[in-house]
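In my numbering, the protein residues as written are -19 to 425. The beta carbon of each residue, even a glycine, is placed where N, CA and C say it ideally should be. Notes to accompany the following structure.
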Ligand SMILES: Cc1cc2nc3c(=O)[nH]c(=O)nc-3n(C[C@H](O)[C@H](O)[C@H](O)COP(=O)(O)O)c2cc1C
C-alpha cells in the first residue's frame, strides 16, 4: 500500500551541505564541521517542518580533499544523533553504522540506548562497508563481496535477537523489590561464521520497542538481507521507471522472505534548491560553483552530451552547431536531461547548476516546481517518500520547510502537524516489532 502522505527526511552530512563549496558562503561559519549546534539547528529546522527524520550516512575513513573542501561526512553519526536527540522532540534520527567492523553486541547496545534516550526515534541504516580505505582503517583488506554480506546478514540477526533479549514482559522497576523480571531477560546464544553473541543486552525496550532498520537497495545476498530485516529500503533511482523497477524487486524479495511487502517503506533520494524564481535558485548554486574549479564538472557534462565544453565559453548557450552534434546516451536520464536543458538554451554553467551531475534527481527552481516533482514521483507509486539533499544546509532546509512544505500541505500530500508525540516507527506507519521477526527467524537459522 502506498502511504497516503509522503514521508520526508533530510540527509545531513558535514554541517555545510553536499555542495563542496557550501562551507565558503559568506554567511556560513567555516567552523561548522565541528559545531554540534549547527547539526542541532538543521534538525530543529526539519522538526519545524514536521519532517519525519534526519539521516546521517557515514564512511569509515577521511573522505574529501581537505586542501579545498571539508570532509564530506559527519565526524561520527551516532554520537551526533545522540546529542541532537536531546535538543529535539519529534524528528526521527537515522544513523548509519557498518556491520563490517563493529561487534553486533556493541551495535545493538549503542543503537538501542540511543533509542531509549530519544524516546523511540532512532533508525539504523545498516550497511556493510565497501571501500578498501575503510578496511585499511581496521588494518584489513576488503573481503569478497559475498563475505561482507554474510557478515551483515549474521550481524542483523544477532542485533535483532539482542534487542529482543530484554523482554517487554520484564516490566518496570518496582520499588517493592523487583527491578525487572529475570525470567524475561534471556541470552540469545547465537554463533555464526563471522559474529555471534551470548546476550542478553542491558537495555530495556524503548517507546518504539527497538530501532527502525533501514537498509540500502542492493542485489543478491544484500537484497535478501534487506528483504528479511529492513523496515525501510533506501535507493537512488534516477527516473520514475527505474524507481518502479527497483521497488518491484524489493517487494518480490520481501515476499520471498516471508514478510508482507506493504510493511516495508521504499524511500528514494532527491535534491532540491528552491527560491522565489528559478533564476534565483540557479544563482544560489552558481554562487557556490564560482567558489570552486568547475572544469572537472564541465568535462563530465561534455562527456554526457558527447561533445567538448570549453570553460571559457561555458556561460553562453551551446551554438546551433554544438546542439546538432550532441549525442546523449539514450537510456541515461541525467544525459537526456542535460541535453534537454541545452536545447532550452541554458548555458553549460546553468545546466550544471540544475544538478545534472547529482547522483539522484534534482530540482532547482520554485517551491511549486519542487512540489510538482515530489507529487509526480509519489503519485506514480515510485516511492513512499524522499530523502532530501541540499546543496547548502544553511539555506536549503529552511527554504524547503518554508516554501515547499506549505505547497505539499495545500495539495493534501503532507500531513498537518500532529501534536501527539510519536515514535519513528509510528510516524512511518510501520508495524510493531520486538526482537527478530518470527516470520524470518526460522528461515535465518
Ligand atoms: C542509498 C544508499 C545509501 C548508502 N549509504 C551508505 C553509507 O552511509 N555508508 C556506507 O559505507 N555505505 C553506504 N552505501 C553503500 C552500500 O552499503 C553498499 O556497500 C554499496 O552500495 C556497494 O554495494 P555492493 O557491493 O552490493 O555493490 C549506501 C548505498 C546506497 C544505495
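If you draw a straight line from the Cα of residue 196 to the Cα of residue 404, it comes to about 18 Å. Non-local beta-carbon contacts of residue 29 in its own chain, meaning distances under 6 Å to residues more than five positions away in sequence, involve 381, 385 in chain order. For residue 62, the CB stays at least 6 Å from every heavy atom of ligand 1.
Under the three-state reduction of DSSP output, residue 48 falls in the coil class, being neither helix nor strand. Shortest Cα-Cα distance from residue 106 to any of 120, 226, 128 involves 128. Residue range 385 to 390 is occupied by the alpha helix (DSSP H) that includes residue 386.
Take the alpha-carbon of residue 141 and the one of residue 362: they are about 33 Å apart. Per DSSP, the unbroken beta strand (DSSP E) holding residue -10 starts and ends at -13 to -8. By the neighbour-count criterion, in which a residue is buried when 16 or more other Cβ atoms sit within 10 angstroms of its Cβ, residue -6 is buried. Taking all protein chains in view, the Cβ of residue 213 is crowded by 16 or more other Cβ atoms within 10 Å, so the residue is classified as buried. Between residue 159 and residue 180, the alpha-carbon positions lie close to 16 Å from each other. In the DSSP assignment, residue 75 is bridged to 36, 104. Look at residue 142 here: in three-state DSSP terms it is helix. Bridge pairing for residue 369: 251 [DSSP]. Residue state for residue 193 is assigned as strand, using DSSP reduced to three classes.
Nearest Cα to residue 233 within the set -11, 199, 262, 18: 199.
Relative to ligand 1, residue 218 has its C-beta separated by 6 Å or more from all heavy atoms. For residue 393, the three-state secondary structure derived from DSSP is coil.
The closest CA to that of residue 256, considering only 249, 264, 250, is found on 264. Under the DSSP assignment, residue 215 falls outside any alpha helix (DSSP H), being part of the beta strand (DSSP E) whose first and last residues are 212 to 215. Relative to ligand 1, the beta carbon of residue 34 is positioned no closer than 6 Å to any heavy atom. Per the DSSP secondary-structure output, residue 170 pairs in a beta bridge with 177. The beta carbon of residue 420 lies closer than 8 Å to those of 208, 209, 237, 238, 239 in the same chain, with the five residues before and after it left out. Looking at the DSSP output, residue 165 sits in a beta bridge with 146. Beyond the five residues adjoining it in sequence on each side, residue 58 comes within less than 7 Å, by CB distance, of 75, 77, 90, 94 in the same chain, given in chain order.
A distance criterion of 6 Å places the beta-carbon of residue 399 beyond contact range of ligand 1, judged by its closest non-hydrogen atom. The stretch 404 to 417 makes contact with the stretch 97 to 105, as at least three CB pairs between them are under 8 Å. Sequence-distant Cβ neighbours of residue 81 in its own chain, meaning closer than 6 Å and more than five residues away, are 118.
Along the stretch 264 to 318, the alpha helix (DSSP H) occurs as fully enclosed runs of 4 or more residues at 275 to 285, 300 to 305, listed in sequence order. Distance from the CA of residue 92 to the CA of residue 185, rounded to the nearest whole angstrom, comes to 8 Å.
The beta carbon of residue 350 is closer than 7 Å to those of 252, 254, 343, 384 in its chain, skipping five residues each way along the sequence.
For the pair of segments examined, the stretch 171 to 179 was found to touch the stretch 123 to 139: the number of CB pairs separated by less than 8 Å reaches three.
Closer than 6 Å to some heavy atom of ligand 1: that describes the Cβ of residue 214. Taking the CA atoms as reference points, residue 60 sits about 26 Å from residue 398.
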